[in-house]
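A.B. asks: Residue 1192 in our numbering is what sits at position 34 of the sequence shown, and the numbering runs on without skipping anything. For every residue, glycine included, the Cβ atom is placed at its ideal position computed from N, Cα and C. Below you'll find the structure I mean.
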Amino acid sequence: MGSRVYADITFLVNFIMDFLILWVTVRLTGIPVSYIRIVIAAGLGGIYAVGYLFPELSFWYSLPLKVLFSVFLVIVAVLPRTWKDLAKSMLLFYGINFLVAGASLGFSYLVQSSYQFDYSYWWLLAGISCALLLGIYGKSWFNERILPQLLKFPVQLTFGGNRCSGQGFVDTGNGLRDPLTNRPVIIAEYQLLKDCLPADFQSALEDSCNQEEMLDRLSQSSWANRLRLIPFTSIGKKNGLLVGIRADAIRVGLGNNSIKHSNMVVGIYQDKLSPEEHYQLLIPLEILNNG
């Protein structure tokens, strides 16, 4: 009787924690949540945990099989559409596991000597609280604080003997391409580029009364050979043209290494890309992949 109750409790505790951790994982991946899949995956996780109570099943609890089973649970709960989605889901799953486990152990250690309450209940309460906080607030915190830091890279642009540097943000939605070469286009704030541009080019951008005059003056400037007109479509503007200039070199810093491209086009954006000035350039993901 006692072992049956213990197995029941083991199943229940693991079901609750697996459900919450998988729920947070799905929310942070941005994939639509399916509670049916999460319940099924959490139930399988609870059953797997109960099997650990039986020594004759110890073969199924080696490290490689535990990892494989965790991948299986994530696939059931998340249903990733690509290998990239699966990799992202696994990183989030293990990161959340470690965070919840650390919070649970730390909180249990702090309170166990102060309150007459079973240690395992403190562990469960702390784990549930941590997972709920991550599920409710984690997505906005991840998107606003963590993700921007992960996707920001220092960028240096070279035009002849002039160089300008700023922070670039990887923009997966940037589909602009140079119409002459079909290569991706980096977007940069005008204020970042201004000191690298010749005076007649600056004057055309700043002093022209309309786009037609501006394009005419740019085509007659000293940098006419670098000039590109990049077609774009946005909300409220179906046939827009973005002024671009060809850079001699673009270098993106990646820790101790860097990616370098030659003769790429930089689109000039005359407003702020980030209201908080966290970055001054938008980097297409393709530039990082093809470095």
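Between which two residues does the beta strand (DSSP E) harbouring residue 1427 extend?
C.D. replies: Per DSSP, residue 1427 belongs to the beta strand (DSSP E) from 1415 to 1427.
A.B. asks: Could you check whether the stretch 1176 to 1184 touches the stretch 1250 to 1260, counting it as contact only if at least three pairs of C-beta atoms, one from each stretch, sit closer than 8 Å?
C.D. replies: Yes, they touch.
A.B. asks: Alpha helix (DSSP H) containing residue 1311: first to last residue?
C.D. replies: That residue, residue 1311, is in no alpha helix (DSSP H); its beta strand (DSSP E) goes 1310 to 1317.
A.B. asks: First and last residue of the beta strand (DSSP E) that includes residue 1213?
C.D. replies: Per DSSP, residue 1213 belongs to no beta strand (DSSP E) and is neither H nor E.
A.B. asks: I need the DSSP call for residue 1338, collapsed to helix, strand or coil.
C.D. replies: Note: residue 1338 maps to coil in three-state DSSP.
A.B. asks: Among 1288, 1197, 1353, 1386, whose alpha-carbon lies nearest the alpha-carbon of residue 1318?
C.D. replies: When only C-alpha atoms are compared, the closest one is 1353.
A.B. asks: Can you list, in chain order, the residues of its chain with a C-beta nearer than 6 Å to that of residue 1140? Leave out the 5 residues immediately preceding and following it.
C.D. replies: An answer regarding residue 1140 cannot be provided, because it is not within the stretch 1159 to 1449 covered by the chain.
A.B. asks: DSSP state of residue 1323, grouped into three classes?
C.D. replies: It is a strand residue.
A.B. asks: For residue 1331, name the three-state secondary structure that DSSP assigns.
C.D. replies: Coil at residue 1331, not helix or strand.
A.B. asks: For residue 1386, list the residues DSSP reports as bridge partners.
C.D. replies: Answer is 1402.
A.B. asks: Which residues does DSSP list as the beta-bridge partners of residue 1411?
C.D. replies: Residue 1411 is bridged to 1416.
A.B. asks: Whose CA, out of 1312, 1217, 1316, 1257, lies closest to the CA of residue 1384?
C.D. replies: Ranking the options by Cα distance to residue 1384, first place goes to 1316.
A.B. asks: Got a sec? Which residues, its chain only, sit under 7 Å from residue 1412 by beta carbon, not counting five neighbours each side?
C.D. replies: Hits under 7 Å: 1311.
A.B. asks: Spell out a yes or no on whether the stretch 1319 to 1337 and the stretch 1359 to 1370 are touching, meaning 3 or more CB-CB pairs, one atom from each, closer than 8 Å.
C.D. replies: Flag = no, the stretch 1319 to 1337 and the stretch 1359 to 1370 do not touch.
A.B. asks: Would residue 1345 and residue 1174 be called neighbours here (beta carbons separated by less than 8 Å)?
C.D. replies: Contact flag unset, no.
A.B. asks: Mind the definition here: the stretch 1413 to 1424 touches the stretch 1362 to 1382 only if three or more C-beta pairs lie below 8 Å; say whether that holds.
C.D. replies: Taking 8 Å as the limit for Cβ pairs, the verdict is that the stretch 1362 to 1382 does not touch the stretch 1413 to 1424.
A.B. asks: In whole angstroms, give me the CA-to-CA distance for residue 1397 and residue 1192.
C.D. replies: Between residue 1397 and residue 1192, the C-alpha separation is close to 40 Å.
A.B. asks: Could you give the C-beta distance for residue 1439 and residue 1326, rounded to a whole number, given that I count them as a contact under 8 Å?
C.D. replies: Contact flag correct, Cβ pair sits at about 4 Å.
A.B. asks: Taking the alpha-carbon of residue 1442 as reference, which of 1330, 1213, 1216, 1283 has the nearest alpha-carbon?
C.D. replies: The option with the nearest alpha carbon to residue 1442 is 1330.
A.B. asks: Between the C-alpha atoms of residue 1430 and residue 1347, what's the straight-line distance to the nearest angstrom?
C.D. replies: Their backbone Cα atoms lie some 6 Å apart in a straight line.
A.B. asks: Give me, in chain order, the residues of the same chain whose beta-carbon lies closer than 7 Å to that of residue 1168; leave out the 5 immediate sequence neighbours on both sides.
C.D. replies: Excluding residues within five positions, the ones whose Cβ falls inside 7 Å are 1207, 1208, 1211.
A.B. asks: My assumption, with CB atoms under 8 Å, is that residue 1236 sits in contact with residue 1228. Please give the rounded CB distance.
C.D. replies: That belief does not hold up - the Cβ atoms of residue 1236 and residue 1228 are roughly 12 Å apart, past 8 Å.
A.B. asks: Going straight from the alpha carbon of residue 1216 to that of residue 1234, what length do you get?
C.D. replies: Their Cα atoms are separated by approximately 24 Å.
A.B. asks: Output the distance between the C-alpha atoms of residue 1166 and residue 1232, rounded to the nearest integer angstrom.
C.D. replies: Rounded to the nearest angstrom, the two C-alpha atoms are 23 Å apart.
A.B. asks: Anyone know if the C-beta pair for residue 1186 and residue 1289 falls short of 8 Å?
C.D. replies: Taking 8 Å as the Cβ cut-off, residue 1186 and residue 1289 do not qualify as a contacting pair.
A.B. asks: Using only the alpha-carbon positions, how far apart do residue 1189 and residue 1241 sit?
C.D. replies: Each residue's alpha carbon lies about 14 Å from the other.
A.B. asks: Going straight from the alpha carbon of residue 1205 to that of residue 1259, what length do you get?
C.D. replies: Using only the alpha carbons, I get a separation of about 20 Å.
A.B. asks: Can you give me the start and stop residues for the alpha helix (DSSP H) that residue 1222 sits inside?
C.D. replies: Looking at the DSSP string, the run of the alpha helix (DSSP H) that includes residue 1222 is 1221 to 1236.
A.B. asks: Run the CB neighbour count on residue 1418, radius 10 Å, all protein chains shown included, and call it buried at 16 or more, exposed below.
C.D. replies: Under this definition residue 1418 is an exposed residue.
A.B. asks: Output the distance between the C-alpha atoms of residue 1387 and residue 1402, rounded to the nearest integer angstrom.
C.D. replies: Spanning the two alpha carbons is a distance of roughly 6 Å.
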